[in-house]
(Lines of atoms letter the chains of each structure in order from A and count residues from 1; the text may use other names and numbers.)
(Lines give C-alpha, C1' and ligand atoms only; values in the text may rest on other atoms or scores of the structure.)
Protein backbone atom coordinates (compact mmCIF):
# COMPACT_ATOMS: atom_id res chain seq x y z
CA UNK A 1 0.00 0.00 0.00
CA UNK A 2 1.41 3.40 -1.01
CA UNK A 3 1.79 6.38 1.29
CA UNK A 4 -1.26 8.12 -0.16
CA UNK A 5 -3.41 5.02 0.20
CA UNK A 6 -2.32 4.58 3.81
CA UNK A 7 -3.20 8.20 4.56
CA UNK A 8 -6.60 7.78 2.93
CA UNK A 9 -7.40 4.72 5.04
CA UNK A 10 -6.18 6.50 8.18
CA UNK A 11 -8.41 9.49 7.46
CA UNK A 12 -11.39 7.20 6.92
CA UNK A 13 -10.64 5.38 10.18
CA UNK A 14 -10.39 8.63 12.14
CA UNK A 15 -13.58 10.02 10.57
CA UNK A 16 -15.41 6.86 11.68
CA UNK A 17 -13.78 6.90 15.13
CA UNK A 18 -14.68 10.53 15.84
CA UNK A 19 -18.10 10.49 14.11
CA UNK A 20 -20.04 10.36 17.43
CA UNK A 21 -18.09 13.41 18.64
CA UNK A 22 -18.80 15.24 15.39
CA UNK A 23 -22.51 14.48 15.64
CA UNK A 24 -22.53 15.82 19.21
CA UNK A 25 -20.97 19.04 17.92
CA UNK A 26 -23.69 19.31 15.29
CA UNK A 27 -26.39 18.77 17.90
CA UNK A 28 -24.98 21.58 20.05
CA UNK A 29 -24.77 23.97 17.12
CA UNK A 30 -28.24 23.05 15.88
CA UNK A 31 -29.78 23.61 19.31
CA UNK A 32 -28.10 27.01 19.68
CA UNK A 33 -28.49 28.81 16.32
CA UNK A 34 -27.57 32.46 15.86
CA UNK A 35 -28.59 34.86 13.12
CA UNK A 36 -26.19 36.52 10.67
CA UNK A 37 -23.53 38.70 12.31
CA UNK A 38 -24.77 37.61 15.75
CA UNK A 39 -22.78 34.35 15.93
CA UNK A 40 -21.04 35.29 19.19
CA UNK A 41 -21.60 32.05 21.09
CA UNK A 42 -21.06 29.95 17.97
CA UNK A 43 -17.72 31.69 17.45
CA UNK A 44 -16.69 31.04 21.05
CA UNK A 45 -17.66 27.39 20.65
CA UNK A 46 -15.55 27.04 17.49
CA UNK A 47 -12.63 28.76 19.21
CA UNK A 48 -12.91 26.37 22.16
CA UNK A 49 -12.90 23.32 19.89
CA UNK A 50 -9.80 24.57 18.08
CA UNK A 51 -8.10 25.18 21.43
CA UNK A 52 -8.91 21.64 22.54
CA UNK A 53 -7.40 20.31 19.33
CA UNK A 54 -4.31 22.52 19.64
CA UNK A 55 -4.91 24.58 16.49
CA UNK A 56 -3.86 28.26 16.66
CA UNK A 57 -6.43 30.77 15.42
CA UNK A 58 -7.29 34.44 15.08
CA UNK A 59 -10.63 36.24 15.15
CA UNK A 60 -11.73 38.65 12.41
CA UNK A 61 -14.92 40.31 11.21
CA UNK A 62 -16.03 40.21 14.87
CA UNK A 63 -17.24 36.61 14.91
CA UNK A 64 -15.17 34.95 12.18
CA UNK A 65 -12.47 32.46 13.18
CA UNK A 66 -9.38 31.59 11.13
CA UNK A 67 -7.22 28.63 12.10
CA UNK A 68 -3.90 27.38 10.70
CA UNK A 69 -2.63 23.82 10.58
CA UNK A 70 0.96 23.37 9.43
CA UNK A 71 2.02 20.02 8.04
CA UNK A 72 5.44 19.02 6.76
CA UNK A 73 7.10 21.67 4.57
CA UNK A 74 4.42 24.26 5.44
CA UNK A 75 5.67 26.72 2.78
CA UNK A 76 5.04 24.25 -0.05
CA UNK A 77 1.34 25.08 -0.49
CA UNK A 78 -1.63 26.62 1.32
CA UNK A 79 -5.18 25.36 0.88
CA UNK A 80 -8.18 27.13 2.47
CA UNK A 81 -11.23 25.24 3.75
CA UNK A 82 -14.34 27.32 4.50
CA UNK A 83 -17.54 26.88 6.51
CA UNK A 84 -20.34 29.36 7.29
CA UNK A 85 -21.89 29.57 10.76
CA UNK A 86 -25.11 31.61 10.71
CA UNK A 87 -28.73 30.45 10.95
CA UNK A 88 -32.06 31.67 9.57
CA UNK A 89 -35.14 33.41 11.07
CA UNK A 90 -37.30 30.26 10.78
CA UNK A 91 -39.28 28.49 13.50
CA UNK A 92 -38.20 24.84 13.62
CA UNK A 93 -40.88 22.15 13.34
CA UNK A 94 -38.66 19.08 13.74
CA UNK A 95 -39.35 16.99 16.85
CA UNK A 96 -35.77 16.02 17.71
CA UNK A 97 -33.79 16.14 20.98
CA UNK A 98 -31.47 18.79 19.52
CA UNK A 99 -34.29 21.04 18.28
CA UNK A 100 -33.51 24.76 18.24
CA UNK A 101 -33.74 26.32 21.68
CA UNK A 102 -34.17 29.79 20.18
CA UNK A 103 -37.72 30.54 19.15
CA UNK A 104 -37.87 31.66 15.54
CA UNK A 105 -34.23 30.86 14.75
CA UNK A 106 -33.11 27.64 13.06
CA UNK A 107 -30.18 26.11 11.22
CA UNK A 108 -32.44 25.49 8.24
CA UNK A 109 -29.68 25.82 5.64
CA UNK A 110 -27.24 23.33 7.14
CA UNK A 111 -24.57 25.75 8.32
CA UNK A 112 -24.39 23.77 11.56
CA UNK A 113 -23.36 20.82 9.40
CA UNK A 114 -20.81 22.89 7.47
CA UNK A 115 -19.20 24.12 10.70
CA UNK A 116 -19.20 20.60 12.15
CA UNK A 117 -17.60 19.13 9.02
CA UNK A 118 -14.81 21.71 9.06
CA UNK A 119 -14.18 21.20 12.78
CA UNK A 120 -14.07 17.47 12.12
CA UNK A 121 -11.69 17.84 9.19
CA UNK A 122 -9.46 20.12 11.24
CA UNK A 123 -9.20 17.55 14.03
CA UNK A 124 -8.24 14.83 11.56
CA UNK A 125 -5.75 17.01 9.69
CA UNK A 126 -4.11 18.20 12.90
CA UNK A 127 -3.72 14.65 14.21
CA UNK A 128 -2.10 13.63 10.91
CA UNK A 129 -0.05 16.81 10.32
CA UNK A 130 3.19 14.84 10.07
CA UNK A 131 1.77 12.82 7.18
CA UNK A 132 0.93 15.57 4.67
CA UNK A 133 2.70 18.64 3.30
CA UNK A 134 1.77 22.30 3.32
CA UNK A 135 -0.54 24.54 5.33
CA UNK A 136 -4.31 24.37 5.79
CA UNK A 137 -6.19 27.60 6.48
CA UNK A 138 -9.52 27.04 8.24
CA UNK A 139 -12.12 29.75 7.61
CA UNK A 140 -15.21 29.83 9.84
CA UNK A 141 -17.16 32.82 8.55
CA UNK A 142 -20.23 34.72 9.72
CA UNK A 143 -23.15 36.14 7.81
CA UNK A 144 -23.54 34.07 4.65
CA UNK A 145 -27.30 34.58 4.70
CA UNK A 146 -27.34 38.37 4.70
CA UNK A 147 -25.77 41.23 2.75
CA UNK A 148 -23.01 42.29 2.53
CA UNK A 149 -21.94 38.67 3.15
CA UNK A 150 -19.45 37.56 5.77
CA UNK A 151 -17.05 36.43 3.06
CA UNK A 152 -16.67 40.03 1.83
CA UNK A 153 -15.91 41.22 5.36
CA UNK A 154 -13.37 38.44 5.96
CA UNK A 155 -11.61 39.23 2.68
CA UNK A 156 -11.44 42.95 3.54
CA UNK A 157 -9.79 42.04 6.84
CA UNK A 158 -7.17 39.87 5.12
CA UNK A 159 -8.40 36.28 5.36
CA UNK A 160 -6.80 35.49 1.99
CA UNK A 161 -3.40 36.86 3.00
CA UNK A 162 -0.53 35.71 5.22
CA UNK A 163 -0.42 33.02 3.94
CA UNK A 164 -2.12 33.34 0.56
CA UNK A 165 -4.08 30.19 -0.35
CA UNK A 166 -3.56 28.68 -3.78
CA UNK A 167 -7.14 27.40 -3.70
CA UNK A 168 -10.23 27.39 -1.50
CA UNK A 169 -12.86 24.70 -0.94
CA UNK A 170 -16.34 25.02 0.51
CA UNK A 171 -19.24 22.59 0.70
CA UNK A 172 -22.99 22.83 1.05
CA UNK A 173 -25.50 20.23 2.14
CA UNK A 174 -27.66 18.90 -0.70
CA UNK A 175 -31.07 17.59 0.47
CA UNK A 176 -31.78 16.21 -3.00
CA UNK A 177 -28.64 14.05 -3.07
CA UNK A 178 -28.36 10.73 -1.25
CA UNK A 179 -26.10 10.44 1.75
CA UNK A 180 -22.75 8.97 0.76
CA UNK A 181 -22.54 10.95 -2.46
CA UNK A 182 -20.92 14.24 -3.49
CA UNK A 183 -21.52 16.46 -6.50
CA UNK A 184 -19.19 18.86 -8.29
CA UNK A 185 -19.38 21.27 -11.20
CA UNK A 186 -16.83 23.39 -13.03
CA UNK A 187 -17.54 26.92 -14.27
CA UNK A 188 -20.80 28.67 -13.37
CA UNK A 189 -22.43 27.09 -10.34
CA UNK A 190 -24.57 29.69 -8.56
CA UNK A 191 -25.94 33.09 -9.53
CA UNK A 192 -25.26 36.60 -8.35
CA UNK A 193 -28.04 38.10 -6.23
CA UNK A 194 -29.12 41.74 -6.09
CA UNK A 195 -32.12 43.20 -4.28
CA UNK A 196 -34.41 45.76 -5.94
CA UNK A 197 -36.40 48.35 -3.98
CA UNK A 198 -38.76 50.79 -5.74
CA UNK A 199 -41.18 53.41 -4.48
CA UNK A 200 -43.65 54.95 -6.94
CA UNK A 201 -45.03 58.29 -5.69
CA UNK A 202 -47.67 60.75 -6.85
CA UNK A 203 -50.70 62.68 -5.69
CA UNK A 204 -53.28 60.25 -4.37
CA UNK A 205 -57.00 60.83 -4.47
CA UNK A 206 -60.52 59.51 -4.75
CA UNK A 207 -60.86 56.30 -6.75
CA UNK A 208 -63.96 57.76 -8.45
CA UNK A 209 -61.91 60.67 -9.82
CA UNK A 210 -58.76 59.09 -11.34
CA UNK A 211 -58.38 62.05 -13.71
CA UNK A 212 -57.40 64.19 -10.72
CA UNK A 213 -54.64 61.82 -9.63
CA UNK A 214 -51.91 59.60 -11.03
CA UNK A 215 -52.88 56.01 -10.39
CA UNK A 216 -49.77 54.56 -8.70
CA UNK A 217 -51.31 51.07 -8.71
CA UNK A 218 -51.68 51.23 -12.50
CA UNK A 219 -48.14 52.59 -12.89
CA UNK A 220 -46.79 49.74 -10.74
CA UNK A 221 -48.73 47.20 -12.82
CA UNK A 222 -47.26 48.47 -16.08
CA UNK A 223 -43.78 48.54 -14.56
CA UNK A 224 -43.94 44.96 -13.27
CA UNK A 225 -44.89 43.68 -16.72
CA UNK A 226 -42.42 45.90 -18.58
CA UNK A 227 -39.47 44.83 -16.43
CA UNK A 228 -39.74 41.30 -17.81
CA UNK A 229 -38.67 42.52 -21.25
CA UNK A 230 -35.23 43.17 -19.79
CA UNK A 231 -34.83 39.42 -19.48
CA UNK A 232 -36.74 38.36 -22.60
CA UNK A 233 -35.47 40.98 -25.08
CA UNK A 234 -32.03 42.10 -23.79
CA UNK A 235 -30.35 39.07 -22.21
CA UNK A 236 -28.38 36.56 -24.21
CA UNK A 237 -30.74 33.53 -24.19
CA UNK A 238 -27.75 31.28 -23.41
CA UNK A 239 -27.01 33.13 -20.16
CA UNK A 240 -29.28 32.18 -17.22
CA UNK A 241 -30.89 35.17 -15.51
CA UNK A 242 -33.98 35.87 -13.38
CA UNK A 243 -35.83 39.08 -12.49
CA UNK A 244 -38.68 38.62 -10.01
CA UNK A 245 -40.82 41.26 -8.35
CA UNK A 246 -41.85 39.58 -5.11
CA UNK A 247 -43.67 42.25 -3.12
CA UNK A 248 -46.27 44.90 -3.95
CA UNK A 249 -47.38 47.19 -1.12
CA UNK A 250 -49.87 49.96 -1.77
CA UNK A 251 -53.36 51.04 -0.88
CA UNK A 252 -55.47 50.38 2.18
CA UNK A 253 -59.12 50.66 1.14
CA UNK A 254 -61.45 50.37 -1.87
CA UNK A 255 -62.07 54.01 -2.74
CA UNK A 256 -58.66 55.67 -2.43
CA UNK A 257 -55.90 55.72 -5.02
CA UNK A 258 -52.75 55.59 -2.88
CA UNK A 259 -50.04 58.21 -3.16
CA UNK A 260 -47.35 55.57 -2.81
CA UNK A 261 -46.71 52.00 -3.96
CA UNK A 262 -43.64 50.02 -2.94
CA UNK A 263 -42.14 47.16 -4.98
CA UNK A 264 -39.43 44.74 -3.99
CA UNK A 265 -37.70 42.01 -5.94
CA UNK A 266 -34.54 40.16 -6.82
CA UNK A 267 -32.27 40.00 -9.85
CA UNK A 268 -30.04 36.97 -10.52
CA UNK A 269 -27.40 36.44 -13.19
CA UNK A 270 -24.59 34.07 -14.15
CA UNK A 271 -22.56 36.69 -16.03
CA UNK A 272 -21.01 39.62 -14.16
CA UNK A 273 -20.90 41.83 -17.26
CA UNK A 274 -24.56 41.27 -18.05
CA UNK A 275 -25.41 41.68 -14.38
CA UNK A 276 -24.35 45.32 -14.24
CA UNK A 277 -25.64 46.06 -17.76
CA UNK A 278 -29.03 44.84 -16.55
CA UNK A 279 -28.86 47.19 -13.55
CA UNK A 280 -28.62 50.13 -15.94
CA UNK A 281 -31.49 48.79 -18.05
CA UNK A 282 -33.64 48.40 -14.93
CA UNK A 283 -32.90 51.99 -13.90
CA UNK A 284 -33.54 53.41 -17.37
CA UNK A 285 -36.75 51.52 -18.09
CA UNK A 286 -38.22 52.07 -14.62
CA UNK A 287 -37.45 55.76 -14.45
CA UNK A 288 -38.66 56.57 -17.96
CA UNK A 289 -41.85 54.50 -17.70
CA UNK A 290 -42.86 55.90 -14.32
CA UNK A 291 -42.12 59.47 -15.40
CA UNK A 292 -44.01 58.99 -18.67
CA UNK A 293 -47.10 58.07 -16.64
CA UNK A 294 -46.81 61.17 -14.44
CA UNK A 295 -45.36 59.68 -11.26
CA UNK A 296 -41.99 59.85 -9.47
CA UNK A 297 -39.69 56.97 -8.67
CA UNK A 298 -37.20 56.18 -5.93
CA UNK A 299 -35.08 53.20 -6.96
CA UNK A 300 -32.37 51.38 -5.06
CA UNK A 301 -30.51 48.29 -6.28
CA UNK A 302 -28.69 46.69 -3.37
CA UNK A 303 -25.73 44.94 -4.98
CA UNK A 304 -25.31 41.56 -3.34
CA UNK A 305 -23.18 38.47 -3.87
CA UNK A 306 -21.35 37.79 -7.12
CA UNK A 307 -21.84 34.56 -9.02
CA UNK A 308 -19.97 31.48 -7.84
CA UNK A 309 -17.51 30.34 -10.49
CA UNK A 310 -15.68 27.09 -9.84
CA UNK A 311 -12.23 27.04 -11.38
CA UNK A 312 -12.49 24.38 -14.10
CA UNK A 313 -8.99 22.97 -13.57
CA UNK A 314 -9.43 22.83 -9.79
CA UNK A 315 -12.80 21.14 -10.24
CA UNK A 316 -11.21 18.37 -12.32
CA UNK A 317 -8.49 17.80 -9.73
CA UNK A 318 -11.02 17.83 -6.90
CA UNK A 319 -13.33 15.33 -8.63
CA UNK A 320 -10.46 12.93 -9.25
CA UNK A 321 -9.30 13.30 -5.65
CA UNK A 322 -12.86 12.79 -4.37
CA UNK A 323 -13.34 9.69 -6.52
CA UNK A 324 -10.21 8.19 -5.01
CA UNK A 325 -11.73 8.62 -1.55
CA UNK A 326 -15.43 8.00 -2.25
CA UNK A 327 -15.43 5.77 -5.32
CA UNK A 328 -16.14 7.15 -8.78
CA UNK A 329 -19.80 6.07 -8.65
CA UNK A 330 -20.39 8.37 -5.66
CA UNK A 331 -19.02 11.54 -7.28
CA UNK A 332 -21.69 13.16 -9.47
CA UNK A 333 -22.27 16.32 -11.52
CA UNK A 334 -24.17 18.99 -9.61
CA UNK A 335 -26.75 21.24 -11.22
CA UNK A 336 -26.58 24.97 -11.91
CA UNK A 337 -28.58 26.92 -9.34
CA UNK A 338 -29.97 30.44 -9.46
CA UNK A 339 -29.61 30.65 -5.70
CA UNK A 340 -26.70 32.70 -4.38
CA UNK A 341 -23.74 32.10 -2.06
CA UNK A 342 -21.18 34.56 -0.79
CA UNK A 343 -18.52 31.94 -1.55
CA UNK A 344 -18.52 33.83 -4.87
CA UNK A 345 -16.42 36.56 -3.25
CA UNK A 346 -13.63 34.03 -2.66
CA UNK A 347 -13.80 32.70 -6.22
CA UNK A 348 -13.33 36.26 -7.51
CA UNK A 349 -10.00 36.37 -5.70
CA UNK A 350 -8.50 32.87 -5.93
CA UNK A 351 -9.36 29.52 -7.59
CA UNK A 352 -12.30 27.98 -5.73
CA UNK A 353 -14.34 24.80 -5.67
CA UNK A 354 -17.80 24.77 -4.09
CA UNK A 355 -19.21 21.25 -3.93
CA UNK A 356 -22.28 19.49 -2.53
CA UNK A 357 -22.60 16.93 0.25
CA UNK A 358 -25.51 14.51 0.00
CA UNK A 359 -27.67 14.43 3.15
CA UNK A 360 -30.93 12.84 1.94
CA UNK A 361 -32.28 9.54 3.23
CA UNK A 362 -35.66 8.68 1.73
CA UNK A 363 -36.07 5.56 3.88
CA UNK A 364 -35.79 7.69 7.02
CA UNK A 365 -38.05 10.41 5.61
CA UNK A 366 -35.21 12.93 5.47
CA UNK A 367 -36.10 14.81 2.30
CA UNK A 368 -37.04 18.39 3.26
CA UNK A 369 -35.34 21.18 1.39
CA UNK A 370 -33.17 23.89 2.88
CA UNK A 371 -34.84 27.03 4.25
CA UNK A 372 -37.84 25.00 5.41
CA UNK A 373 -38.90 24.44 9.06
CA UNK A 374 -38.52 20.63 8.68
CA UNK A 375 -35.06 20.57 7.12
CA UNK A 376 -32.78 17.92 8.62
CA UNK A 377 -30.01 15.58 7.50
CA UNK A 378 -28.98 11.95 7.67
CA UNK A 379 -26.14 12.45 10.13
CA UNK A 380 -24.00 9.71 8.62
CA UNK A 381 -23.18 12.44 6.08
CA UNK A 382 -21.07 14.19 8.72
CA UNK A 383 -18.53 11.37 8.78
CA UNK A 384 -18.39 11.47 4.98
CA UNK A 385 -18.10 15.25 4.89
CA UNK A 386 -15.36 15.54 7.51
CA UNK A 387 -13.29 12.75 6.03
CA UNK A 388 -13.67 14.05 2.50
CA UNK A 389 -12.71 17.61 3.42
CA UNK A 390 -9.66 16.35 5.32
CA UNK A 391 -8.69 14.24 2.29
CA UNK A 392 -9.02 17.19 -0.09
CA UNK A 393 -7.01 19.39 2.25
CA UNK A 394 -4.21 16.85 2.53
CA UNK A 395 -4.00 16.04 -1.19
CA UNK A 396 -4.70 19.11 -3.34
CA UNK A 397 -1.54 20.80 -4.62
CA UNK A 398 -2.97 23.27 -7.10
CA UNK A 399 -0.79 25.60 -9.13
CA UNK A 400 -3.57 27.27 -11.12
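Numbering (this note's numbering), first residue to last: 65 to 464.
Think of the CB as a built atom: it goes at the ideal place given N, C-alpha and C, for glycine as much as any other residue.
Any idea what DSSP makes of residue 303, helix, strand or coil? coil
Please state the DSSP three-state secondary structure of residue 252. strand
Where do the N-terminal and C-terminal ends of the beta strand (DSSP E) with residue 328 fall, by residue? 324 to 333
State the Cα-Cα distance for the pair residue 316 and residue 268, rounded to the nearest angstrom. The C-alpha of residue 316 lies about 12 Å from the C-alpha of residue 268.
Could you tell me the alpha carbon to alpha carbon distance between residue 144 and residue 87, rounded to whole angstroms? 23 Å
Three or more C-beta pairs closer than 8 Å, one from the segment 212 to 224 and one from the segment 395 to 411: is that the case here? yes
For residue 344, which three-state DSSP category applies? Reduced to three states, the DSSP call for residue 344 is helix.
So is residue 297 buried or exposed if we call it buried at 16+ other beta carbons inside 10 Å? exposed
Beta strand (DSSP E) segment containing residue 419, residue limits: 416 to 424
Determine the DSSP secondary structure at residue 361, reduced to helix, strand or coil. DSSP places residue 361 in the strand class (E or B) of the three-state scheme.
Comparing alpha-carbon positions, which option in 98, 77, 160 lies nearest residue 440? Answer by Cα proximity: 160.
Would you identify the three-state DSSP class for residue 131, choosing helix, strand or coil? strand
Please classify residue 69 as buried or exposed, where buried requires at least 16 other C-beta atoms within 10 Å of its C-beta. exposed
When the distance is taken between beta carbons, is residue 314 closer than 7 Å to residue 322? yes
What's the C-alpha gap between residue 81 and residue 325? 59 Å
Report, in whole angstroms, the separation of the C-beta atoms of residue 97 and residue 169, which I expect to be a contact under 8 Å. The Cβ separation is near 5 Å, so the contact holds.
In angstroms, rounded to a whole number, what distance separates the CA positions of residue 235 and residue 138? 24 Å
Quick check on this structure: which residue in 219, 334, 243 has the alpha carbon closest to the alpha carbon of residue 427? Of 219, 334, 243, the residue nearest in Cα terms is 243.
DSSP state of residue 99, grouped into three classes? Note: residue 99 maps to strand in three-state DSSP.
Quick check: the segment 345 to 361 against the segment 275 to 289, are there 3 or more CB pairs under 8 Å? Result yes; three or more Cβ-Cβ pairs closer than 8 Å.
Between which residues of its own chain and residue 210 is the CB-CB distance below 6 Å, once the five residues before and five after are set aside? Taken in chain order, the residues that qualify are 100.
How far does the beta strand (DSSP E) with residue 397 in it extend, from its first residue to its last? 395 to 397
Measuring alpha carbon to alpha carbon, tell me which of 260, 319, 334 ends up nearest residue 311. Nearest C-alpha to residue 311: 260.
I need the straight-line Cα distance from residue 364 to residue 340, nearest angstrom please. 14 Å
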